Amino acid sequence: MYKENQGNAARYDLKTVNIVLPGGESTDAVSAALRVINDMRQLYRGIEADMGEVEQVLQYQSDKFEDPEKRYAWQLRREYSGGFVEKGLELARKYA
């Protein structure tokens, strides 16, 4: 199970990433992540946590799975496409 998940983890489009769950069930990474986030919502409600702060963090994470444009990989690809190396070196010089 671990090797299968590891091999898929680096894919750019999470809809093409399949996660094998305990018990052998296979699902896409987005569905698996949203399931975990929803389980976390239930857990925190059960222990009477400060749901305002918890919900803010969990919603931020959900948004990244539901909207690819909110993922760092997509933002970097958009920012640096058509000259990744040149733009990366330019940014490095700027910070140096």
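Numbered by the numbering used here, the letters in the sequence shown go through residues 10 to 105 in order. Every residue, glycine too, gets a C-beta built ideally from N, C-alpha and C. Since the model is a prediction, treat every value here as computed from it, not as a measurement.
Sequence-distant residues of the same chain with beta carbon closer than 7 Å to Lys24, five excluded per side: Excluding sequence positions up to five before and after Lys24, its CB lies within less than 7 Å of the CB of Asp37, Val39, all in the same chain and listed in chain order.
Which of helix, strand or coil DSSP assigns to Ser90: DSSP places Ser90 in coil when its eight states are reduced to three.
Span of the beta strand (DSSP E) around Val63: Element bounds for Val63: not the beta strand (DSSP E) but the alpha helix (DSSP H), 60-75.
Under the three-state DSSP convention, the category Ile56 falls into: Reduced to three states, the DSSP call for Ile56 is coil.
Residues that DSSP places opposite Ser40 in a beta bridge: Ser40 is not bridged by DSSP to any residue.
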